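Protein chains: 2
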Amino acid sequence: MTGDHRMEETATRLHSAAIRLLRMLRRQDEASGLSAPRLSALSVLVFAGPLSLAELASAEQVRPPTMSRLVESLVEAGLVTREVAPGDRRSVRIAATEEGRRLLEAGRQRRVQVLINRLEKLAESEGRALARGVDILERVLR
Amino acid sequence: MTGDHRMEETATRLHSAAIRLLRMLRRQDEASGLSAPRLSALSVLVFAGPLSLAELASAEQVRPPTMSRLVESLVEAGLVTREVAPGDRRSVRIAATEEGRRLLEAGRQRRVQVLINRLEKLAESEGRALARGVDILERVLR
DNA sequence: CGTAACCATTAGTAGAGCTAATTAAGGGGT
DNA sequence: ACCCCTTAATTAGCTCTACTAATGGTTACG
């Protein structure tokens, strides 16, 4: 395509905007009582479903020993279960509990509400244009 | 405005997309040789200019003692300077060095390039629509 | 001036990251 | 059937990153 020099600018600004957006929303996480790594690991389990330790570590971009301890603390907090995987007794199957799901969803709602409050100030046409941009971004990330 | 139930969906999807985007780009940071907290603090200094310790801690959402040690390690690495603030000798003025700027820019380029590679696959009209969405997002974050 | 408020750092502890080593279970090959 | 090699998770031991509480200097002000 021809407009590549524009894409570079779009990429730069999208990158920077994503950083600022999440930095802003992260302030709400204090209310959850969980640290960022725990919250993030729990989030992966809730949205992706049960995973092995290696899969969860890979998704979170940490090494297995790190995730092993993180999971241990989540188990102690009752937010996650860890059991021997069916079919391979070396492996473990880690899953969010109902309480873990509830806690995560409450936190996610707090974050999203902050964003909604800002989006509500947009004009109708701007809201539609932003929604279309999000559609395209989702395809880019697939 | 009337389309608020749509905005809630847009907010949810934007939130989730931003998380996945940064998670993807973060893989490139390994090549910088700096930890995430150091890279992030350096980034604030490069883009916002020189700051006091308290300002930098606040921007990074950590307590002053944490930032004090983080800055110490960046000073030792030659990426940042720390000197007594002119006009108030209690305060320090922390600034990125030329080397810090170069290192950060190289890392940012690696991240953005990954994104560019994906955006280049978009059709011309999609690229324009995404750019428009980024414009609107930037205004939302102001 | 002298005291209160402020800025940064030091002290001490817990959490989160790493590599290396260990334990346990699968999966062959002969 | 057995030995060996690989794989999955954990444990051990280290560093870095986070917190609160306490300390050392500076500034501001009554």
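Here the protein sequences come in this chain order: A and B.
Under this note's numbering, think of the first position of the first sequence as 373, with each following residue one higher.
Under this note's numbering, think of the first position of the second sequence as 373, with each following residue one higher.
Where is the CB? At the ideal position from N, CA and C, for every residue including glycine.
Bear in mind the structure is a predicted one, so any value in this text is a computation, not a measurement.
Can you check which of these residues, the options, is closest to residue i by C-alpha distance?
i               : options                           : result
L451 of chain A : A:V464, A:R462, A:T469 and A:P458 : A:T469
R474 of chain B : B:D507, B:L414 and B:V484         : B:L414
S412 of chain A : A:M439, A:M396, A:R454 and A:S463 : A:M439
State the DSSP-derived secondary structure class of residue i, mapped to helix, strand or coil.
i               : result
T469 of chain A : coil
S451 of chain B : The sequence shown places Leu at residue 451 of chain B, not Ser. If DSSP states are grouped into helix, strand and coil, L451 of chain B belongs with coil.
L475 of chain B : helix
V456 of chain A : strand
L355 of chain B : Outside the displayed span of chain B (373 to 514) sits residue 355 of chain B, for which this structure offers no information.
V486 of chain A : helix
L446 of chain B : helix
V464 of chain B : strand
E381 of chain B : helix
Q481 of chain B : helix
V434 of chain B : coil
R511 of chain A : helix
According to the Cβ coordinates, are residue i and residue j closer than 8 Å?
i               : j               : result
G505 of chain B : G505 of chain A : yes
L509 of chain B : L502 of chain A : yes
V418 of chain A : G472 of chain A : yes
L513 of chain B : R392 of chain A : yes
T453 of chain A : A467 of chain A : yes
A457 of chain A : S424 of chain A : yes
A383 of chain B : L487 of chain A : yes
Give a yes or no on whether 8 Å exceeds the smallest Cβ distance from residue i to chain B.
i               : result
T382 of chain A : yes
A403 of chain A : no
G421 of chain A : no
M379 of chain A : yes
L513 of chain A : yes
Does residue i come within less than 8 Å of chain A when only Cβ atoms are used?
i               : result
E477 of chain B : no
R435 of chain B : no
My parser needs the alpha helix (DSSP H) runs of 4 or more residues fully inside the region 398-426 of chain A; what are they? Qualifying alpha helix (DSSP H) stretches, in chain order: 408-420.
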